[in-house]
Amino acid sequence: MNPSPYNFTWPFSPPDNIVLVIAIILGKILVMVAAAMLHVAYCTWFERKIIGHMQVRIGPNRVGPFGLLQPIADGIKLFFKEDVIPRPGVGSTKFRIVFKVAPLLVLFATLSSLAVVPVFEAFYIANINIGLLYILALSAVSTYGIIMAGWASDSKYAFLGSLRSSAQLISYEVAMGLSLVGVMMLAGSLNFIDIVKAQQTSWHGMYLIPQFLGYFVFMVSALAETNRAPFDLPEAESELVAGYFVEYSGMRFALFFLGEYIAMIVMSCVAVLCFWGGWGLPPVLYKVVPALNDLPQSVKTFIEAVVFLCKVYSHLFLYYWIRATLPRYRYDQLMRIGWTVLIPLALVNIVITALVKYFF
Amino acid sequence: MTVRDIIKRAFLVEIIKGMALTLKMMFTKPVTIQYPEERRRVYEGFRGRHAFVRDAVSGKEKCIGCMKCANICPAQCITIAKEKIENKLVVVKYDIEALRCIYCGYCVEVCPVCALVLTEEYEYSSTDKAALYFDKEKLLKNWDEFAAKQQSETYFNKFWRPDGVDSAKMPKSKREQGPVPTRPVLKPAEPAPVAAMPKETAQP
């Protein structure tokens, strides 16, 4: 037979119960997406409450007890709002299809990154070897959605917002990628489960301590990646009204909104998995409290999931805390921080990590 | 740049200070006043809905139609019409357009008989323009509503005796104006003709 580069052999024989396998995967996806949507809804509530109290206000408290039904009311409102699509100007070459696809692309990119996030050791949709790289790649894809939105909106505010956003994302992706290199070197893997397991070998069970520099760079670039305050220049309300999604309304706006919040959750998950030891408790805790080892597996798994979620929530809280504290950076300051502070710091971190790993 | 400044910048001292402040504020009590349930205290000198002081004895307004308020009003929202009835000058029309009023309180300050008052009432917004066009009866009704809410038996508006005006230059009636009763006063039964008064002054 003529050997051709396309002549793959199927790497594994399909399992006998293929229907069941697919059903399980679909079920997992359903659970993950539903959980993500619910998290987004209550992230907005949590954010408004936290920022409200930090500003000595109350925050939403009218719809339901403690305003708990506020996100649902917001969702219903957005769903029933009129969908306005701007008519392209005279002589414009812009396509409405681009306008319609842009929010879907953003949501698709961020939702897909959830596929490789393991909540605890046995719960993930896909356990791929390049999980970290996959998330970085998808966060770059959402940039396309933003540029498409800005271009197709046929509005100078939206366009400026999208240009700023793309420049920002490209600059900070470099710092973010470099900040994670230290983790990759220490763990020797890009697989999240391997990274978490590698962290369990030290007494504290997290890379935060050897990689504090990397963590700092990662968190700052995560803020910029997700267009959050103080780096929310693409949607600088005072200058650009709302930035790249200024022309969007109703459900299409909600898709951008969902994308932004899911991206925030994903970035928090990555921070937890790479720097905070994921679902693992510090191994030293098992030595101090030996009773933890004797717990049944189901209880252990439950504790793992709770620990993971608590760590993610504390990161989300950090996002809101920073948003409530810091004013927005100027555009040149943003670029200067990215290129002259974060990238050199990340490089220094890589060099130090490499030296330590080589000599010890 | 001193070493101290470099350390400050490198370790983000200012940002950490700011974040400590916001965290501290998170655990303080919100200052929000939840309006329909809670209300802000109305301070002395608040200028709200217009009213004519209803004379507790006669049950009528005290306005003498001197036109001072209409003349001083910067927004020119006061319209007065007078007529001579039975050889007596009677104010037949006194209108205040609340929509044009700027709530400066000059009319209250200038009134020689302290007939006018800007009450502490502030919840009288309306989608109907006519409801905010106060005529004489409406102004008196405003006073009744305001007086009924007063806790104390008497009321004195601080603009009846404006600050910085020499009281010697004020008309006698203004100079000697004391707190007005907020409840209708029953006149002591002395002569027979006045005895009918209380029935008339019984306010709604």
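Quick note, the sequences are listed as chains C and X, same order.
Start counting the first sequence at 29; every next residue gets the next number (the working numbering).
Start counting the second sequence at 2; every next residue gets the next number (the working numbering).
Heads up, the beta-carbon is just placed ideally off N, CA and C, and yes, glycines get one too.
Model, not experiment: these values are computed from the prediction.
Judged by beta-carbon spacing, Y289 (chain C) lies beyond the 7 Å limit of I78 (chain C), meaning their Cβ atoms are not closer than that value. Counting only the Cα atoms, L166 (chain C) lies some 28 Å from I46 (chain C).
Between A203 (chain C) and I371 (chain C), the C-beta gap is smaller than 7 Å, which places the two residues in contact. Residue environment: I237 (chain C) is assigned as exposed (fewer than 16 neighbouring CB atoms within 10 Å of its CB, all protein chains considered). Think of a sphere of 8 Å around the beta carbon of G19 (chain X): the chain C residues whose beta carbon falls inside it are T353, L354, in chain order. The secondary-structure analysis by DSSP pairs R55 (chain X) across a beta bridge with X:E62. Taking 7 Å as the threshold, the shortest C-beta distance from P37 (chain X) to chain C does not fall below it. Residue environment for W231 (chain C): exposed (fewer than 16 other C-beta atoms within 10 angstroms of its C-beta). Within the DSSP secondary-structure output, L309 (chain C) pairs in no beta bridge.
Contact annotation: A76 (chain X) and R101 (chain X) have beta-carbon atoms nearer than 7 Å. F135 (chain X) and V43 (chain X) have their C-alpha atoms spaced approximately 23 Å apart. Look at E201 (chain C) here: in three-state DSSP terms it is helix.
Within the segment 347-372 of chain C, no run of beta strand (DSSP E) at least 3 residues long lies entirely inside it. Excluding five sequence positions before and after A148 (chain X), the CB atoms of its chain that fall closer than 6 Å to its own CB belong to T183, given in chain order.
If you check the CB distance, S194 (chain C) and I175 (chain C) come in under 7 Å. By the C-beta density criterion, A137 (chain C) is buried, having at least 16 other C-beta atoms within 10 angstroms.
Looking from the CA of Q196 (chain C), the closest CA among C:G366, C:T381, C:L383 belongs to C:G366. L160 (chain C) sits away from L241 (chain C), with the two beta carbons spaced by 7 Å or more.
Taken through DSSP and simplified to helix, strand or coil, E177 (chain X) comes out as coil. When 7 Å is used as the limit between beta carbons, H81 (chain C) is near these residues of chain X: M27, P31, in chain order. Within chain C, the residues I350, T353, L354 have their CB atoms less than 9 Å from the CB of I16 (chain X), given in chain order. Taking a Cβ-Cβ cut-off of 7 Å, the neighbours of T23 (chain X) in chain C comprise M82, W349, A352, T353, given in sequence order. Remark: C-beta atoms of S141 (chain C) and I163 (chain C) approach each other more closely than 7 Å. For L119 (chain X), the enclosing beta strand (DSSP E) stretches over residues 117-119.
Beta-bridge pairing by DSSP links I86 (chain X) to X:K89. With a threshold of 7 Å between beta carbons, I46 (chain C) makes no contact with chain X. Separation of the CB atoms of A257 (chain C) and I158 (chain C) is rounded to 31 Å, and the pair is thereby denied contact status at 8 Å. Closest in C-alpha terms to K94 (chain X), from the list X:E15, X:T155, X:M68, X:A57, comes X:M68. For W144 (chain X), the enclosing alpha helix (DSSP H) has its first and last residue at 137-150.
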